[in-house]
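Working notes, structure below.
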Amino acid sequence: MITRRKAILGTGAVMLAGCDSLSDNPALLSADEAHHFLQRSIVGRAALAKQYRADQMSPRFRVNGNANPNTPEYAALAANRFADWRLEVGGLVARPLSLSLAKIQSLPQRAQITRHDCVEGWSAIGKWQGPRLETVLQLAGLRDGARYIVFHCADRFGASPYYESIDLVDAFHPQTILAWAMNDRYLDVGHGAPVRLRVERQLGYKHAKYVMRVEAVASLGGIGKGKGGFWEDSNGYEWYAGI
Ligand SMILES: Nc1nc2c(c(=O)[nH]1)N[C@H]1C(S)=C(S)[C@@H](COP(=O)(O)O)O[C@H]1N2
Ligand SMILES: [Mo]
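Residues in the sequence shown are numbered consecutively from 3, following my numbering.
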């Protein structure tokens, strides 16, 4: 993948020689922003991730990262089959929401069979179902200035909760869903019950499990250490993990 990224960046530098708008000049962007800009302009961020047939689904889909939040709060929610769980939607929105699982299941649904690619080098094909994130964001109404969507999770690594973030291109991408079903069953605890993000154009660590709160923000500066995600802040993972 590193090789491919380098190739993409190389092509981009040539193509961008023709850009004349000042705001489009990658020289004025930080390295991260420039990388992101090039990915977007060349790969086409609106393109769909490949979808697979049912007979191509992996017989076993590994659980990775945290397999259970293991907090008393989460245990109580799970014991009640998440009937008392609510997804909070807030930040830069006109109408903050508190959505039950039943409400999330009653919204228009999307199902897709996709391949999950973990940065650690394994992949698995699974089926995911849930409402598009766009549907939920439209219910809440993004306010001017909202640029990123942050996902706050129920699990922790030591003292830090897991969190991730995406920009609005990915938030409104048709395959970006809040999945509550996997392989035609309720999401199990290992895979992120009751709801996890699927953001199919990016690597596995962006797909936040155990989502408790969705927050629209103007900048990632106030989230964690400012790089937009738990692994980005703690281990130098790239914020834009496009595949
Ligand atoms: N909340 C939370 N989300 C997470 C993680 C985690 O540890 N906690 N691990 C990430 C990583 S690295 C991967 S590869 C996928 C694994 O998803 P799976 O357990 O369904 O295979 O979840 C991602 N989302
Ligand atoms: Mo991963």
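Built from N, CA and C at the ideal position, the CB exists for glycine as well.
Item: Around the Cβ of Ala148, are there at least 16 other Cβ atoms within 10 angstroms (buried) or fewer (exposed)?; Value: buried
Item: Are Gly194 and Lys208 closer than 7 Å when you measure CB to CB?; Value: no
Item: Suppose the cutoff is 7 Å on Cβ atoms and the five residues either side in sequence are ignored; what does the same chain contact list for Cys155 look like?; Value: Pro163, Tyr164, Tyr165, Ala210, Lys211, Tyr212, Val213 and Met214
Item: Between Ala113 and the rest of its own chain, which residues show a CB-CB distance below 6 Å, the 5 nearest in sequence each way excluded?; Value: Gln131
Item: Excluding five sequence neighbours on each side, which residues of the same chain lie with their C-beta closer than 6 Å to the C-beta of Gly230?; Value: Ser167, Leu222 and Trp241
Item: Can you have a look at Ser125 and say buried or exposed, based on whether 16 or more other CB atoms are within 10 angstroms of its CB?; Value: exposed
Item: Which whole-angstrom value is the C-beta distance of Met59 and Ile127, which I expect to be below 8 Å?; Value: 5 Å
Item: Which one or two residues does DSSP pair with Met184 in a beta bridge?; Value: Trp130 and Arg187
Item: Looking only at DSSP bridge pairs, what is Cys155 linked to?; Value: Val213
Item: For Ala49, tell me which candidate among Leu199, Arg200, Val191 and Gln177 has the shortest Cα-Cα distance.; Value: Gln177
Item: Does any heavy atom of ligand 1 sit closer than 6 Å to the C-beta of Asn68?; Value: yes
Item: On the criterion of 16 or more Cβ atoms from any shown chain inside 10 Å, does Asn237 qualify as buried, or is it exposed?; Value: exposed
Item: Assess, as a yes-or-no matter, whether the segment 133-150 is touched by the segment 58-78 under the definition of 3 or more beta carbon pairs within less than 8 Å.; Value: no
Item: Kindly identify the DSSP beta-bridge partner or partners of Ile179.; Value: Arg134 and Arg200
Item: Taking C-beta to C-beta, are Ile151 and Lys129 nearer than 7 Å?; Value: no
Item: DSSP three-state label for Ala218, please.; Value: strand
Item: Run the proximity test for His154: is its beta-carbon closer than 6 Å to any non-hydrogen atom belonging to ligand 1?; Value: no
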